[in-house]
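Here the sequence shown stands for residues 54 to 408, where the numbers follow my numbering.
Ideal Cβ positions, reconstructed from N, Cα and C, are used throughout, including at glycine.
Values in this document were obtained by computation on a predicted structure and should not be read as measured data.
Report on the structure given below.
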Amino acid sequence: MNEPTPEQSKSAQFTSAQPTLEALRLELAELTQAAEHEFNSAISSPQLQQAKTKHLGKSSRLAAIRGGIGSLDKQMRREVGQLCNAASHTIEVALETRQAELLKLERSTQLEAESVDLTEVLGEISVGHFHIITQTRRALEDVFCGMGYQVAEGPEIETEWHNFGALNFPQGHPARDMYDTLYVDWGKPMSTLLRTHTSPVQVRTMTSQPPPIAVVAPGRCFRRDTADATHMPVFHQIEGLLIDRDISLGHLAGTIEAFTSAFFGEGFTSRLRPSYFPFTEPSAEFDIQRPDGSWLELGGSGMVHPNVLEACGIDPQEWSGFAFGFGIDRLAMIRYGVDDLRDLWTGDMRFLKQF
Ligand code: PHE
Numbered sequence: 054m055n056e057p058t059p060e061q062s063k064s065a066q067f068t069s070a071q072p073t074l075e076a077l078r079l080e081l082a083e084l085t086q087a088a089e090h091e092f093n094s095a096i097s098s099p100q101l102q103q104a105k106t107k108h109l110g111k112s113s114r115l116a117a118i119r120g121g122i123g124s125l126d127k128q129m130r131r132e133v134g135q136l137c138n139a140a141s142h143t144i145e146v147a148l149e150t151r152q153a154e155l156l157k158l159e160r161s162t163q164l165e166a167e168s169v170d171l172t173e174v175l176g177e178i179s180v181g182h183f184h185i186i187t188q189t190r191r192a193l194e195d196v197f198c199g200m201g202y203q204v205a206e207g208p209e210i211e212t213e214w215h216n217f218g219a220l221n222f223p224q225g226h227p228a229r230d231m232y233d234t235l236y237v238d239w240g241k242p243m244s245t246l247l248r249t250h251t252s253p254v255q256v257r258t259m260t261s262q263p264p265p266i267a268v269v270a271p272g273r274c275f276r277r278d279t280a281d282a283t284h285m286p287v288f289h290q291i292e293g294l295l296i297d298r299d300i301s302l303g304h305l306a307g308t309i310e311a312f313t314s315a316f317f318g319e320g321f322t323s324r325l326r327p328s329y330f331p332f333t334e335p336s337a338e339f340d341i342q343r344p345d346g347s348w349l350e351l352g353g354s355g356m357v358h359p360n361v362l363e364a365c366g367i368d369p370q371e372w373s374g375f376a377f378g379f380g381i382d383r384l385a386m387i388r389y390g391v392d393d394l395r396d397l398w399t400g401d402m403r404f405l406k407q408f
C-alpha cells in the first residue's frame, strides 16, 4: 500500500483501521436509507436543500467515504468506488423525485392562494337600482311629462354659439364670467366648450322645430370648480322651455307653482325673485318654501329674450315664452338626505345600497 500523500491523509477517513467491505456496504445502505427518509419528510424546498447538503454535500459522510477511497487497497478501492456511486445515484434519484413532488405541491398551494372565488357574489343576488341622481331626474321628467312637456336632449360638448352667442351673451360680455367655462381644444380657440348649463338645449330645440314648444332637457353640465361638499365640476341641470302665443310671466309663475306641489307635495309653495340672465327678460330666481316655512333657492327662470327667439329664427312678434333651469344634484341630496355632494360620485356600495 502506498504511503498516503499529505493531501490524501487530510481527507482520508480510514486512518486507523481499514473497514471491511461488508461494514462499508452496510453503512452506505444505511446512509441511503437515511437520506431517502429525510428527503421524503422534507415539506419545503429549503428544507430539502438542507437535507441535500447534509447527505450529498462536501462534508457529508458519503463524501468522506469517497475521500478515503484513495487510502484503500486496490481491490477494495474498486468495490467501494462502485458502492459509493450506486449509493449516490440512489440518493440523487430520491432527491429529484422529492424535488419534483415539492414543486408540484408548492405550485398548487400558490395557485390555491391566488385563486379568486367567483362564487362569492352568489350568496346574495342583488339586481341593483338606478343612482339617486337618475331616480331624481326621472321623477322630474315624470312630473313635467304629466304637465305636457316632452324630454329633449343636446350634446355635452357645445359650440360657443349655442352655449353663449345665441343666448344673448355678446362676445366679451361680463355675464360670461359667471360661468367658469371649460374650453375644448378643438377648432378656433374658445369656439368649443363643455356646456356650462342646459340652456343651449333651448337653442337646439328652437332651431330644429317650429313653435309651439314645450320641452324639458335634463343633462350633465360642466364648470371650472373645485370639488367640495356643495360644488362639483360636473353637475346636472334640468331646463324647461315653453314657446307659444301670448305667454306671460303669469304662466311661468303658475308652472313653477304647479311643478312645486306635484314634485315636493302638499304644503310646498314657490316664489319668483327678480334676477338677471342675458337670455331672459325679465329674469327671476325661483325659491321653494318648505312646510316649516324655510326657503330653498332652486334655480333661474324668465321670459325668453326676443334676441334669443330671433337668433333661433322665431318671430318675437308672434311668439313668446318662458324658460327655467335648476340643479338636479341638490334636489337629490335633499330628497335622500345626503349632505356631501361628493358622495353622489362615490362607487362605494355601502353608500349606494342605502337608496
Ligand atoms: N342657465 C341658467 C344657469 O345655469 C339658469 C336659467 C335657465 C335661467 C333658464 C333662466 C332661464 O344659471
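Item                                                                                                                                                                       : Value
In the DSSP output, which residue or residues are listed as bridge partners for residue 38?                                                                                : For the chain, the structure presents residues 54 to 408; residue 38 sits outside this window and is missing.
With a threshold of 8 Å on Cβ separation, who are the neighbours of residue 326 within its own chain once the five nearest residues in sequence on each side are excluded? : 337, 338, 339 and 340
Across the stretch 244 to 253 and the stretch 266 to 275, are there enough close Cβ pairs to call them in contact, namely three or more that are closer than 8 Å?          : yes
Would the stretch 327 to 335 and the stretch 208 to 221 be scored as touching if the rule is three or more Cβ pairs under 8 Å?                                             : yes
State whether the stretch 372 to 391 contacts the stretch 183 to 190, with contact taken as three or more CB pairs (one from each stretch) at a distance under 8 Å.        : yes
So, using beta-carbon positions, are residue 294 and residue 374 closer together than 8 Å?                                                                                 : yes
Per DSSP, which one or two residues make a beta bridge with residue 211?                                                                                                   : 246
Between the stretch 273 to 280 and the stretch 354 to 367, do three or more beta carbon pairs fall short of 8 Å?                                                           : no
Which residues in the same chain have their Cβ closer than 7 Å to the Cβ of residue 60, if we skip the five residues on either side of it in sequence?                     : Unreliable positioning characterises residue 60 in this predicted model, as indicated by a pLDDT of 44, which lies under 50. The coordinate reading is nonetheless provided below. Closer than 7 Å at the Cβ level, and outside the excluded window around residue 60, lies no residue.
For residue 376, verify whether its CB is less than 7 Å away from any heavy atom of the ligand PHE.                                                                        : yes
What would DSSP say about residue 314, mapped onto helix, strand or coil?                                                                                                  : helix
Decide if the stretch 392 to 407 is in contact with the stretch 308 to 319; the criterion is three or more beta carbon pairs, one per stretch, under 8 Å apart.            : no
So for residue 365, helix, strand or coil by DSSP?                                                                                                                         : coil
Please report the distance separating the alpha-carbon of residue 73 from that of residue 105.                                                                             : 27 Å
Taking 7 Å as the line, does the beta carbon of residue 184 fall inside it for any heavy atom of the ligand PHE?                                                           : no
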